[in-house]
Amino acid sequence: MEQYYRHSFFVDAGVNLSIGKEVNKLQTRFGFSEEMRKLLLVQSQGKGTLTLGPSLDSFASFSTIMQWYTLDGLDDTLDVIERNEDFILADFLFVFAQDTEGNQYAEITKGRLKGHIVWLNACYYEDVDSLEELLEEYSEQSESPQIKVDDELVFHLLYTSNQLVSVRAQSLELFLC
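Here the sequence shown stands for residues 3 to 179, where the numbers follow our numbering.
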């Protein structure tokens with residue numbers, strides 16, 4: 003029955019097969035959630051509606067204050083693939099939108115907070131050239147020269163040390179509501 007509802011969602015949204023394959027490849031590559039996959043599929047059809055959350059109006063209200071990155075390739079600055087290929091934290095976050103002030107929104111793709119939606123502070127983010135820079139700064143401050151790089155360490159650096167990100171919602175659906 004779950005398979006039927008899944009198929010019904012995509013038929014109702016008008017998703018075509020070629021776009022579905024492209025999004026599946028992106029999901030494998032970047033590791034984003036099924037909810038994000040649905041969002042990208044629906045956005046790629048240009049319908050402007052969304053059926054992820056309980057409120058259909060939630061997506062419309064967000065589109066006035068946010069720019070959503072898309073798969074259409076018409077504008078490189080808003081292309082979701084370009085944004086995530088060049089993103090220094092692509093191993094940990096999947097960026098999908100930005101607000102009018104340049105702050106970005108991303109989904110966590112690894113660790114215990116996987117699927118959570120975070121806000122990337124544009125002021126702090128511009129000062130960080132790479133994840134390696136954050137790790138070097140952390141290793142200089144810590145007494146231990148041997149640092150095991152894991153998801154928890156990366157997010158500790160981002161949340162507390164540099165205030166790059168803050169969690170906005172536990173899932174994309176909750177973020178859109």
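Backbone N, C-alpha and C fix where the C-beta goes; we use that ideal spot for every residue, glycine too.
Minimum C-alpha distance to residue i - residue among the options
i: Val25; options: Trp70, Val82 and Leu155; result: Val82
i: Leu122; options: Ser141, Arg39, Glu109 and Ser46; result: Glu109
i: Ile119; options: Tyr107, Lys112 and Gly113; result: Tyr107
i: Gly113; options: Leu28, Gln29 and Gly33; result: Gly33
i: Phe98; options: Leu80, Glu142 and Ala171; result: Leu80
i: Phe94; options: Val44, Val167 and Tyr71; result: Val167
According to DSSP, residues forming a beta bridge with residue i
i: Asp81; result: Thr72
i: Gln45; result: Bridge partners of Gln45: none, in fact.
i: Gln29; result: Gln29 is not bridged to any residue.
i: Gln100; result: Gln69 and Gln106
i: Gly141; result: Strictly speaking, residue 141 in this sequence is Ser, with Gly absent from that position. Ser141 is not bridged to any residue.
i: Val167; result: Leu122
Coil, strand or helix - residue i by DSSP
i: Glu175; result: helix
i: Arg114; result: coil
i: Ala124; result: helix
i: Ile21; result: helix
i: Leu34; result: It should be pointed out that residue 34 corresponds to Phe in this sequence rather than to Leu. If DSSP states are grouped into helix, strand and coil, Phe34 belongs with coil.
i: Leu95; result: strand
i: Glu109; result: strand
i: Ile119; result: strand
Inter-residue Cα distance where the pair is residue i and residue j
i: Leu42; j: Leu73; result: 7 Å
i: Lys204; j: Ile21; result: No statement about residue 204 is possible, as the shown extent of the chain runs from 3 to 179 and does not include it.
i: Cys179; j: Gln29; result: 23 Å
i: Ser173; j: Gln143; result: 33 Å
i: Phe89; j: Met68; result: 19 Å
i: Val44; j: Ser141; result: 43 Å
i: Phe177; j: Arg39; result: 15 Å
i: Gln100; j: Tyr71; result: 8 Å
i: Ser57; j: Ser46; result: Below a pLDDT of 50, predicted positions are generally treated as unreliable, and Ser57, at 43, falls in that range; no measurement from the model is reported.
i: Val156; j: Glu135; result: 12 Å
i: Arg31; j: Ala92; result: 10 Å
i: Arg170; j: Lys27; result: 27 Å
Supposed close pair residue i, residue j - CB separation, criterion 8 Å
i: Ala124; j: Glu139; result: 20 Å between Cβ atoms; not a contact.
i: Glu36; j: Glu175; result: Going by Cβ atoms, the distance from Glu36 to Glu175 rounds to 10 Å, so no, they are not a contact pair.
i: Asn86; j: Phe96; result: 6 Å
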